[in-house]
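Protein chains in written order, with the numbering used here: chain E, 2 to 363; chain B, 230 to 492; chain Y, 214 to 494.
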Amino acid sequence: MSDPILELDNITKKFGRFTAVDKVSLNMDPGEFLVLLGPSGSGKTTILSMIGGFTVPTTGVIRIHGKDMTTVPPAGRPTVTVFQDYALFPHMRVIENVAFGLKMRKFGKRERHKKARESLELVGLGDFSDRSIDQLSGGQRQRVALARAIAVEPVVLLLDEPLGALDLKIRQQMQQELVRLQKRLGATFVHVTHDQEEAMSIADNIALVNGGKIEDYGPPERVYLRPATLFTAKFMGENNTFEGFVTAMDDSSISVDSEIGECTLLRCDSMHSSTGIGEKVHLSLRPEQIGLGDGNQGNLINLGQARVEEVIFQGTHRLCRVVCQDEKEVRMLLRLRPDEKVKVSDTIQIHAKRDDAVLLVR
Amino acid sequence: MFNRISRFSSTSYLLLALLFIYLPVVVLVLFSFQDGLLPVFPFNGPSLQWYEKMLENERLVESLYNSVLVAVLSSLLTTIIGFLAAYGLARHSHRFASGIQFLLMAPLMVSYLIIGIGLLITLNIFGIPKSLVAVGLGHMVINLPLCFAIVYSQFGDHLKNIDCAARDLGASDLSTLTLVIAPIMKPALLASFCLSATLSWDEFIIAFLLSRFDVTLPVIIFEMLRAGLTPEVNAAGTMVFAISMALVAVSAVVMFFNTRNTG
Amino acid sequence: MSAKRDWTRWAVHPAVGFTLVFFFLPLMIMVTVSFWQRIYGKLEATWSIANYAKFFGADYLRDSLLNSLEVTLITTFLSVLLAYPLAWILAYRVPPKWQKVLLILAVLPFWTAYVVRSYSWLLVISENGIINATLMAIGIIQEPLELAYGRSATILGFVHFFTMLLTLTIYANLVQIKPSYQKAASDLGANRFQVFFHVTLPLSIPGVAVGAFITFVIAIGDFITPQILGGSTEVLVPQAIMLQVSRAANFPMAAVMSLTLTVVVVIVYLMVQKHLKMDRI
Chain E
2 MSDPILELDN
12 ITKKFGRFTA
22 VDKVSLNMDP
32 GEFLVLLGPS
42 GSGKTTILSM
52 IGGFTVPTTG
62 VIRIHGKDMT
72 TVPPAGRPTV
82 TVFQDYALFP
92 HMRVIENVAF
102 GLKMRKFGKR
112 ERHKKARESL
122 ELVGLGDFSD
132 RSIDQLSGGQ
142 RQRVALARAI
152 AVEPVVLLLD
162 EPLGALDLKI
172 RQQMQQELVR
182 LQKRLGATFV
192 HVTHDQEEAM
202 SIADNIALVN
212 GGKIEDYGPP
222 ERVYLRPATL
232 FTAKFMGENN
242 TFEGFVTAMD
252 DSSISVDSEI
262 GECTLLRCDS
272 MHSSTGIGEK
282 VHLSLRPEQI
292 GLGDGNQGNL
302 INLGQARVEE
312 VIFQGTHRLC
322 RVVCQDEKEV
332 RMLLRLRPDE
342 KVKVSDTIQI
352 HAKRDDAVLL
362 VR
Chain B
230 MFNRISRFSS
240 TSYLLLALLF
250 IYLPVVVLVL
260 FSFQDGLLPV
270 FPFNGPSLQW
280 YEKMLENERL
290 VESLYNSVLV
300 AVLSSLLTTI
310 IGFLAAYGLA
320 RHSHRFASGI
330 QFLLMAPLMV
340 SYLIIGIGLL
350 ITLNIFGIPK
360 SLVAVGLGHM
370 VINLPLCFAI
380 VYSQFGDHLK
390 NIDCAARDLG
400 ASDLSTLTLV
410 IAPIMKPALL
420 ASFCLSATLS
430 WDEFIIAFLL
440 SRFDVTLPVI
450 IFEMLRAGLT
460 PEVNAAGTMV
470 FAISMALVAV
480 SAVVMFFNTR
490 NTG
Chain Y
214 MSAKRDWTRW
224 AVHPAVGFTL
234 VFFFLPLMIM
244 VTVSFWQRIY
254 GKLEATWSIA
264 NYAKFFGADY
274 LRDSLLNSLE
284 VTLITTFLSV
294 LLAYPLAWIL
304 AYRVPPKWQK
314 VLLILAVLPF
324 WTAYVVRSYS
334 WLLVISENGI
344 INATLMAIGI
354 IQEPLELAYG
364 RSATILGFVH
374 FFTMLLTLTI
384 YANLVQIKPS
394 YQKAASDLGA
404 NRFQVFFHVT
414 LPLSIPGVAV
424 GAFITFVIAI
434 GDFITPQILG
444 GSTEVLVPQA
454 IMLQVSRAAN
464 FPMAAVMSLT
474 LTVVVVIVYL
484 MVQKHLKMDR
494 I
């Protein structure tokens, strides 16, 4: 494995008494697309701002290419930030905006305009050089901001919720373009967002930030399907979580008595090693992981009978709220196929695969 | 029926109000073209004789020059230090930011007369003679809060990001200021210059208190008034009025047509 | 390598320094001098409150303060009364494309020619001004009316000036009120007067307050308008101050009066402070 291109070593940022970022460590490989995902106020933007040099950490070290960059101002770093509001210079034409960084690096006019044109072509705005900024749509401005940033060939490109102001459709289109651009340039991107769907569709790795800490870190699939914590399970889309406690455990399996009855899961994740008998835990099941029919085979969990309370048809699936018909009356959310025609007040038999269930200790 | 009455009364009120607002102005301008000795009815003109007389009045022409000098120089300096203050305050999260803002805006709360008296007493205590320079400094005191406020109001978070972006792309302090921030702020800077030039051009009491031999136009007009009403005063007044109008028109045009693009 | 010293950190200093030296320092000196005395044409640091005692003790001086307050309050009240309907008509009765033009037209003379504006009223109301000339020509009166040189002339000049200012601030406030509020009120059954008194008027108070406050501050400190239009029938504080300065060169007394005016303005500011929250006018 190559050396990390960006290292955050135990960085903390305090604003007065408030700790915005709390002992965060993170390594990035060259060519990686990392998404810092988290609710607003979680500290993700502060982390980005420290990488970009706009904020100096209270403690900790930031290295880029192995060099200590902790207190180097933005201009001295091989990073460029794309701002949420794009921060395009309104008095300059598109080409002058894109060439600005090169001008500051003392490139001659001909050379910087040539390079700026190349960047504009990369983002699909080759014909827009001479437009003024207020002649552009939101999506076009976004691309100009991107072109301006990549024109100076940063080692790490930082994107601060760059798609937040765009319409859903353009946003989805831009997500794909960002990924294509990043792979084509082979560049390293750090992208901040609060939208978990956006994060999943573009990230190589997601760092889920909550309360100034990295709550979970890994590829989107892992973070979505095998969340490390209760917060991750709930933040990454809709989820059913059930309280319970550990009743027995051995080297290969762990038994939990929960709101949905007793079940035994295979031990796979290392973090379960700290779990002891009697400890309070949660089980998590995604809505699409619950299916119709009883589950009496070995690798299924029978969730019993449930009454349908609400059905919302959403095209690709049917979202159902159900309540289990046992004494605990546990509520669940199901995502059924459109052809599974359940109605309100129906009583249905439901089950889940044992391997889908995730044991959450935190 | 109700609508017609309401429209009629609205229109009448509007016309009466405009009549009230413009009556003295119109009379002033009209009688500056009076062909006679008194700026009152009957109107005998039109004639340009009072304008000619005015231009022969050396003290008046000299005061015109003084007024322009004071207005231009004091407004230029005020706009520059007001802009720098707004930029410094917007860019750095100062611990005393609200205190500094209050301090810079404080002169707005105090009458021109009192600012003038304060400066007059100060000059007197330190034995500094009155002069046009003192008048200019006085005008800077009254205009600085306005210049600061106009420019500062244009520094939103958006501009803060633009400033960050320029530095991020490698611009030095000076190139950020000259290539990015100042050009974006050009409308606000122009507006603040024009506004302070207008106010300085028009200002009487500070100029009256702090000047001695070299005086400004409003002071000369006041002195001429003491001698009685003559069409020459009307001519001088009309000229002051016309130049003020031009300055206001420039700043209004600049404000209306340019500020929206920065948002 | 640490962040290099950034000179923009100091950008605010020239303005702060200037304001301290040329605004706060003179005010401090004025406070100091107000406790001094003028003895045989020379200022002496006697540290007494004699000037204050004299100002509030002598009838003619105390009266100048009362006169000033009366004139200023009447001015503010009348200006609001005249300006509000004008602003309202501009905002609600004039088609949008004409509003800006008419507004500029209505407030243009505000910015212009301070001394000249007062003087030009003299041409209208003086003994042989156009009002008297017109009335006599028509034959309504035989002798010219005594319109100029008195309190009502001062107030006329002030009201003319500040009606324009208040029209501007009230209009700016009225156009910021979302039409949906008024629509909602009439939808809920309010008639046009109820809409005005329960929605429009309360929401336009900030515009009135800002304009009225500026009116108060400028009017109470204005020397020119009472001097040119009011004549010598009554003395307002600014005129009294100028008399102390020009005739007697009594700076301590002028300082006392100036400080009193400033204190009055600050008190009024504190009274209306909570209404003065209008971002852009």
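Glycine included, C-beta positions come from ideal geometry on N, C-alpha and C. Predicted model only: the values in this text are computed from it and were never measured.
- In the structure shown, the three-state DSSP call for Phe-262 of chain B is coil.
- Bounds of the alpha helix (DSSP H) holding Leu-299 of chain Y are 272-305.
- DSSP assignment within the stretch 210-259 of chain E yields the following whole beta strand (DSSP E) runs of 3 residues or more, N-terminal first: 214-219, 241-250, 254-259.
- Counting only runs that start and end inside the stretch 28-116 of chain E, the beta strand (DSSP E) elements of at least 3 residues fall at 34-38, 60-65, 80-83.
- The C-alpha of Ile-435 of chain B lies about 10 Å from the C-alpha of Ser-340 of chain B.
- In the structure shown, Ile-252 of chain Y falls within a strand segment according to DSSP collapsed to helix, strand and coil.
- Lys-170 of chain E counts as exposed, since fewer than 16 other beta carbons sit within 10 angstroms of its beta carbon.
- Membership of Leu-456 of chain Y in the alpha helix (DSSP H) is indicated by the continuous run 450-456.
- Going by C-alpha positions, Pro-358 of chain B is about 9 Å away from Ser-440 of chain B.
- Secondary structure of Gly-385 of chain B (DSSP, three-state): coil.
- Taking all protein chains in view, the Cβ of Tyr-316 of chain B is crowded by 16 or more other Cβ atoms within 10 Å, so the residue is classified as buried.
- Spatial neighbours of Asp-69 of chain E in its own chain (CB-CB distance under 8 Å, excluding positions within 5 residues in sequence) are listed in chain order as Val-62, Ile-63.
- Going by beta carbons, Ser-304 of chain B and Ser-480 of chain B fall outside the 7 Å limit.
- Exposed is the label assigned to Pro-339 of chain E, since fewer than 16 other Cβ atoms lie within 10 Å of its Cβ.
- Residues of the stretch 381-395 of chain Y with a C-beta atom less than 7 Å from some C-beta of chain B do not occur.
- When 7 Å is used as the limit between beta carbons, Tyr-265 of chain Y is near no residue of chain B, the shortest such separation being about 16 Å.
- Of the residues E:Leu-35, E:Asp-357, E:Arg-322, the one whose Cα lies closest to the Cα of Asp-347 of chain E is E:Arg-322.
- In this structure, Leu-293 of chain E places its C-beta atom within 7 Å of the C-beta atom of Ile-349 of chain E.
- Not one beta carbon of chain E lies nearer than 7 Å to the beta carbon of Ala-319 of chain B.
- In this model, Glu-289 of chain E and Gln-315 of chain E are separated by some 13 Å (Cα to Cα).
- Taking the Cα positions, Ala-100 of chain E is about 23 Å away from Val-73 of chain E.
- Under the three-state reduction of DSSP output, Leu-458 of chain B falls in the coil class, being neither helix nor strand.
- According to the DSSP assignment, Glu-263 of chain E belongs to the beta strand (DSSP E) that extends over 262-267.
- In chain order, Met-283, Ile-449, Ala-465 place their CB closer than 7 Å to the CB of Leu-289 of chain B, counting only its own chain and leaving out the 5 sequence neighbours on each side.
- For Gly-42 of chain E, no CB of chain B lies under 7 Å from its own CB, so it is not counted at the interface with that chain.
- The contact set of Phe-451 of chain B on chain Y, defined by CB atoms closer than 9 Å, consists of Val-328, Tyr-332, Ile-437, Gln-440, Ile-441 in chain order.
- Listed along chain B, the residues sitting closer than 9 Å to Phe-101 of chain E by beta-carbon distance are Ala-394, Ala-395, Leu-398, Gly-399, Ala-400, Leu-408, Val-409.
- For Pro-358 of chain B, no Cβ of chain Y is located within less than 7 Å of the residue's own Cβ.
- Between Pro-336 of chain B and Val-370 of chain B, the gap from beta carbon to beta carbon is short of 7 Å.
- Residues of chain E whose Cβ lies closer than 7 Å to the Cβ of Pro-412 of chain B are, in chain order, His-92.
- Under DSSP, the beta-bridge partners assigned to Gly-292 of chain E are E:His-352.
- By the Cβ rule, the stretch 250-261 of chain E does not count as touching the stretch 71-85 of chain E, because fewer than three pairs are nearer than 8 Å.
- For Asp-86 of chain E, the chain B residues whose C-beta falls within less than 7 Å of its own C-beta are His-387, Asn-390, listed in chain order.
- Two segments are said to touch when three or more pairs of C-beta atoms, one from each, lie closer than 8 Å; by this definition the stretch 191-204 of chain E touches the stretch 221-238 of chain E.
- The Cβ-Cβ distance between Phe-90 of chain E and Val-409 of chain B falls below 7 Å.
- The Cβ of Asp-264 of chain B sits no closer than 7 Å to any Cβ of chain Y.
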